[in-house]
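J.: Quick note, the sequence shown lines up with residues -14 to 88 if you use the working numbering. Backbone N, C-alpha and C define an ideal beta-carbon position, used for all residues, glycine too.
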Amino acid sequence: MEDGVLVYLPNKKNFEGRVTIGIQGIDVKKTSRIISGIFGALGHALDKGKDALYFKWEDITSVEEIEKAGCMITLKNGEAYKIIFNHPKKSLPYLMNMVQGRV
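1. Is DSSP giving asparagine -1 helix, strand or coil here?
2. Beta-carbon separation of aspartate -12 and lysine 14 under 8 Å?
3. Based on Cα-Cα distance, which residue from Leu(-9), Gly10, Asn(-4) lies nearest to glutamine 85?
4. Give the straight-line distance between the Cα atoms of asparagine 82 and asparagine -4, rounded to the nearest whole angstrom.
5. Where does methionine -14 fall in DSSP's three states?
6. Is leucine 77 helix, strand or coil by DSSP?
7. Given this structure, state the Cα-to-Cα distance separating lysine 78 from valine -10, to the nearest angstrom.
8. How many whole angstroms separate the CB atoms of methionine -14 and serine 47, which I take to be in contact at a CB cut-off of 8 Å?
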(Lines of atoms letter the chains of each structure in order from A and count residues from 1; the text may use other names and numbers.)
(Lines give C-alpha, C1' and ligand atoms only; values in the text may rest on other atoms or scores of the structure.)
Protein backbone atom coordinates (compact mmCIF):
# COMPACT_ATOMS: atom_id res chain seq x y z
CA MET A 1 0.00 0.00 0.00
CA GLU A 2 1.38 3.41 -0.97
CA ASP A 3 0.14 6.92 -0.13
CA GLY A 4 1.29 10.53 0.06
CA VAL A 5 2.07 11.77 3.57
CA LEU A 6 3.15 14.67 5.72
CA VAL A 7 5.68 13.47 8.31
CA TYR A 8 6.45 15.27 11.58
CA LEU A 9 9.84 14.35 13.02
CA PRO A 10 10.74 14.23 16.74
CA ASN A 11 12.59 17.58 16.36
CA LYS A 12 9.30 19.22 15.22
CA LYS A 13 10.44 19.58 11.59
CA ASN A 14 8.29 18.10 8.85
CA PHE A 15 8.42 17.04 5.22
CA GLU A 16 6.13 15.80 2.47
CA GLY A 17 6.69 12.32 1.20
CA ARG A 18 5.42 8.99 0.07
CA VAL A 19 4.93 6.02 2.37
CA THR A 20 4.92 2.34 1.47
CA ILE A 21 3.46 -0.06 4.03
CA GLY A 22 4.82 -3.53 3.42
CA ILE A 23 5.49 -6.92 4.91
CA GLN A 24 8.88 -5.89 6.37
CA GLY A 25 7.84 -2.47 7.69
CA ILE A 26 7.07 1.13 6.79
CA ASP A 27 9.23 2.92 4.20
CA VAL A 28 9.01 6.72 3.92
CA LYS A 29 10.59 8.65 1.05
CA LYS A 30 10.92 12.45 1.03
CA THR A 31 9.47 14.14 -2.07
CA SER A 32 10.23 17.59 -3.44
CA ARG A 33 7.81 20.38 -2.44
CA ILE A 34 9.09 22.39 -5.42
CA ILE A 35 8.18 19.73 -7.98
CA SER A 36 4.81 19.14 -6.30
CA GLY A 37 4.18 22.89 -6.17
CA ILE A 38 5.00 23.48 -9.82
CA PHE A 39 3.36 20.40 -11.31
CA GLY A 40 0.72 19.67 -8.64
CA ALA A 41 -0.60 16.12 -8.41
CA LEU A 42 1.31 15.09 -11.55
CA GLY A 43 4.59 16.24 -10.01
CA HIS A 44 3.85 14.37 -6.78
CA ALA A 45 3.01 11.22 -8.76
CA LEU A 46 6.20 11.39 -10.83
CA ASP A 47 8.55 12.23 -7.95
CA LYS A 48 9.80 8.88 -6.57
CA GLY A 49 11.42 10.60 -3.59
CA LYS A 50 14.63 10.09 -1.62
CA ASP A 51 15.01 7.57 1.19
CA ALA A 52 14.13 9.29 4.46
CA LEU A 53 12.88 6.82 7.10
CA TYR A 54 12.41 3.09 7.41
CA PHE A 55 10.64 1.47 10.34
CA LYS A 56 10.97 -2.30 10.73
CA TRP A 57 7.97 -3.88 12.44
CA GLU A 58 10.19 -5.20 15.24
CA ASP A 59 11.45 -1.65 16.01
CA ILE A 60 7.93 -0.26 16.52
CA THR A 61 6.45 -0.15 20.02
CA SER A 62 3.03 1.26 19.09
CA VAL A 63 0.95 2.80 16.32
CA GLU A 64 -1.94 4.97 17.48
CA GLU A 65 -4.57 6.46 15.19
CA ILE A 66 -4.90 10.24 15.65
CA GLU A 67 -6.91 13.07 14.09
CA LYS A 68 -8.87 10.79 11.71
CA ALA A 69 -6.17 11.31 9.07
CA GLY A 70 -2.99 10.09 10.69
CA CYS A 71 -1.12 8.07 13.24
CA MET A 72 1.63 8.37 15.81
CA ILE A 73 4.38 5.77 15.46
CA THR A 74 6.48 5.19 18.58
CA LEU A 75 9.75 3.28 18.33
CA LYS A 76 11.51 1.17 20.95
CA ASN A 77 14.18 3.88 21.31
CA GLY A 78 11.47 6.36 22.39
CA GLU A 79 11.30 8.42 19.21
CA ALA A 80 7.80 9.29 17.97
CA TYR A 81 6.79 10.22 14.43
CA LYS A 82 3.46 11.73 13.42
CA ILE A 83 2.26 10.76 9.93
CA ILE A 84 -0.70 12.41 8.20
CA PHE A 85 -2.00 10.51 5.15
CA ASN A 86 -3.37 11.99 1.92
CA HIS A 87 -5.91 9.14 1.70
CA PRO A 88 -6.57 8.11 5.30
CA LYS A 89 -9.73 6.10 4.54
CA LYS A 90 -7.57 3.59 2.65
CA SER A 91 -4.19 3.89 4.34
CA LEU A 92 -5.11 3.97 8.03
CA PRO A 93 -7.18 0.74 8.07
CA TYR A 94 -4.48 -0.99 6.00
CA LEU A 95 -1.75 0.17 8.39
CA MET A 96 -3.73 -0.83 11.48
CA ASN A 97 -4.39 -4.29 10.00
CA MET A 98 -0.68 -4.72 9.27
CA VAL A 99 0.22 -3.64 12.80
CA GLN A 100 -2.05 -6.20 14.47
CA GLY A 101 -0.01 -9.26 15.25
CA ARG A 102 3.29 -7.56 14.40
CA VAL A 103 3.72 -4.97 17.15
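T.: A quick look at the data gives this:
1. Three-state DSSP puts asparagine -1 in a strand.
2. No, the Cβ-Cβ distance between aspartate -12 and lysine 14 is not below 8 Å.
3. When only C-alpha atoms are compared, the closest one is Gly10.
4. Rounded to the nearest angstrom, the gap between the Cα atoms of asparagine 82 and asparagine -4 is 28 Å.
5. Under the three-state reduction of DSSP, methionine -14 is assigned to coil, being neither helix nor strand.
6. It is helical.
7. This sequence places proline at residue 78; lysine is not what is there. Whole-angstrom Cα-Cα distance: 15 Å.
8. Separation of the CB atoms of methionine -14 and serine 47 is rounded to 20 Å, and the pair is thereby denied contact status at 8 Å.
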